[in-house]
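Structure record follows, encoded as structure tokens.
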Amino acid sequence: MRVLNATNLFSCIAFIVAFVSGYYLRDIGFGQQNEKTVINNATSATLPKVDTKKQEAAAISPEVARLIEENNNLTANCNAINAAAQDTGLPDSAITKSAAELLATLDDLQTQKKTVDELQSSSELQQLMMLMQTDPAAQKLVAERFLEVAGTPLGDMYGMALASSGGAEVNAVAAQLLRDGTRQQRLSALAMLGQVGSSQDAGTRAIVLDMLNNDSGADAPLSIAALSTLSRQGGVVSLTEHQDVVDTISPFLHSKDPQLRETSLGILSQWERNSDTALKAFTEAANDTSPQVKMTAIATLGSGIFGFNDVRDTLLSALQNPNEDPGVKSTAQQALAVFPLDDQALKIYKESSLSSNPYENQDGTWHQTFVPPDINMGSPR
Numbered sequence: 006m007r008v009l010n011a012t013n014l015f016s017c018i019a020f021i022v023a024f025v026s027g028y029y030l031r032d033i034g035f036g037q038q039n040e041k042t043v044i045n046n047a048t049s050a051t052l053p054k055v056d057t058k059k060q061e062a063a064a065i066s067p068e069v070a071r072l073i074e075e076n077n078n079l080t081a082n083c084n085a086i087n088a089a090a091q092d093t094g095l096p097d098s099a100i101t102k103s104a105a106e107l108l109a110t111l112d113d114l115q116t117q118k119k120t121v122d123e124l125q126s127s128s129e130l131q132q133l134m135m136l137m138q139t140d141p142a143a144q145k146l147v148a149e150r151f152l153e154v155a156g157t158p159l160g161d162m163y164g165m166a167l168a169s170s171g172g173a174e175v176n177a178v179a180a181q182l183l184r185d186g187t188r189q190q191r192l193s194a195l196a197m198l199g200q201v202g203s204s205q206d207a208g209t210r211a212i213v214l215d216m217l218n219n220d221s222g223a224d225a226p227l228s229i230a231a232l233s234t235l236s237r238q239g240g241v242v243s244l245t246e247h248q249d250v251v252d253t254i255s256p257f258l259h260s261k262d263p264q265l266r267e268t269s270l271g272i273l274s275q276w277e278r279n280s281d282t283a284l285k286a287f288t289e290a291a292n293d294t295s296p297q298v299k300m301t302a303i304a305t306l307g308s309g310i311f312g313f314n315d316v317r318d319t320l321l322s323a324l325q326n327p328n329e330d331p332g333v334k335s336t337a338q339q340a341l342a343v344f345p346l347d348d349q350a351l352k353i354y355k356e357s358s359l360s361s362n363p364y365e366n367q368d369g370t371w372h373q374t375f376v377p378p379d380i381n382m383g384s385p386r
């Protein structure tokens, strides 16, 4: 008798997160990603206090919101599977089927017109994922199946399952598809690579860099997917490789496509952190023509990795611009709230808050129902 324990539950949930993230990249590839996000100025909301979680949610596109909801539902499904296993127990034969048998069953379910969501939440896939955590043979079988169906929703599902296993097959099949696959197959491979982080080997990363250098943003969705695989999640890289990545990212900061600019900013911040190169890039991007790019830049400038004196003028300028997008102003207010402000900056901050926040009195004091950010607790850095 075997029971789905906490480790297996964690693996299940990790796969769901990977699958949802990867499917989001695939949506970009099919042109389904909505480039316009819903911007809601939280400082003008009729709420008793500022809710930063709701502010963040206001900037999420409907498509991403849908995927988050899917993730929550699927996580609940995994919890239900685990609870059922612990309550009633499952016979060994129900958990220890071979990978080949489980793959065959999943194929049969597909021929029965089951949706990818139904396949993803099936017990067969959960069992297959558990096998993949410890069985290299199972990883190899799934890798072979992924190569056969890459570029389809089913391929994305197997790709995310393969990525969650952390097996050696990930880089091999990704490299093969990136070199020889169709556009949709390459998108599937990139979606999978985006989940493995530091497990991505130098050879595979070099192929991605070559793709980006050769494409130069001509195929924006493909470039966005490729850039997303460069997410820095630990691991050791050489100085040469580090510089190669930064040099490849840099041209995309000035792309005609705003989503490419935004994505490249996010990746640059992970590789360069608080370097002069990063500070210059984010300061320039704070004056971008796209509100979404501006918000990304301003949020990073206010994340605490840069000193206040380095970002002060940029953040205050956004607040003082009467024609600035409300979402950008709201982001600048939140960014300033993490710093100890000098008297002039505090005055500008409060004037901006007064014009947009119904919970501040005319004399500058706050309503009892509103808790302001802790913004004046020391000297500027």
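Residue numbering for the sequence shown follows the numbering used here, beginning at 6 and increasing consecutively.
Glycine included, every Cβ here is placed at the ideal spot set by N, Cα and C.
Asked                                                                                                                                                                           : Found
How long is the line joining the alpha carbons of VAL343 and MET162, rounded to whole angstroms?                                                                                : 40 Å
Return the chain-ordered list of same chain residues with a C-beta closer than 8 Å to the C-beta of LEU341, the five sequence neighbours on each side being excluded.           : GLY307, LEU320, LEU321, LEU324, ALA350, TYR354, ILE380
Looking only at its own chain, which residues have a Cβ that is under 7 Å from the Cβ of ALA136, when we skip the five neighbours before and after it?                          : Here the sequence assigns Leu to residue 136, which means Ala is not the residue at that position. So the qualifying residues of the chain are ALA104, ALA143.
Just checking ALA230 against the ligand FMN - is the residue's beta carbon closer than 8 Å to any of the ligand's heavy atoms?                                                  : Annotation note on the ligand FMN: not contained in the displayed structure, which lists no ligands.
Where does ASP252 sit, in a helix, a strand or coil, going by DSSP?                                                                                                             : helix
Of the choices ARG184, ALA166, LEU107, whose alpha-carbon is the least far from that of GLY199?                                                                                 : ALA166
Given that a residue counts as buried once 16 or more other Cβ atoms are within 10 Å of its Cβ, and exposed if not, what is ARG210?                                             : buried
Expressed to the nearest angstrom, what Euclidean distance is found between the alpha-carbon atoms of GLN189 and THR336?                                                        : 36 Å
I'd like the list of long-range same chain contacts for SER193, defined as Cβ closer than 6 Å, with 5 residues on each side in sequence excluded.                               : ALA155, GLY156, GLY160, ASP161, GLY164
Short of 7 Å in beta carbon distance, which residues of its chain neighbour THR110, apart from the five on each side in sequence? Order them along the chain.                   : GLU129
Given a cut-off of 9 Å, decide if SER255 and SER243 are closer than it, judged by their beta-carbon atoms.                                                                      : no
Between LEU227 and ASP220, how many whole angstroms is the CB-CB distance? I'm expecting something under 8 Å.                                                                   : 6 Å
Taking the continuous alpha helix (DSSP H) assigned at VAL343, which residues delimit it?                                                                                       : Neither: VAL343 is in no alpha helix (DSSP H) and is coded neither H nor E.
Using the three-state DSSP reduction, which class does ASN314 fall into: helix, strand or coil?                                                                                 : helix
Using the beta-carbon count (16 or more within 10 Å), is GLN132 buried or exposed?                                                                                              : buried
Starting from PRO296 and walking both ways along the alpha helix (DSSP H), at which residues does that stretch end?                                                             : 296 to 306
What are the uninterrupted segments assigned as alpha helix (DSSP H) that are 4 or more residues long and contained completely in the stretch 134 to 209, given in chain order? : 141 to 154, 158 to 170, 174 to 185, 188 to 198
Rounded to a whole number of angstroms, what is the C-alpha to C-alpha distance between LEU176 and ASN328?                                                                      : Per the sequence shown, the amino acid found at residue 176 is Asn instead of Leu. ASN176 and ASN328: Cα-Cα distance of roughly 48 Å.
Would ALA302 pass as a contact of PHE287 if the rule is Cβ separation under 9 Å?                                                                                                : yes
Can you tell me whether ARG278 is helix, strand or coil according to DSSP?                                                                                                      : coil
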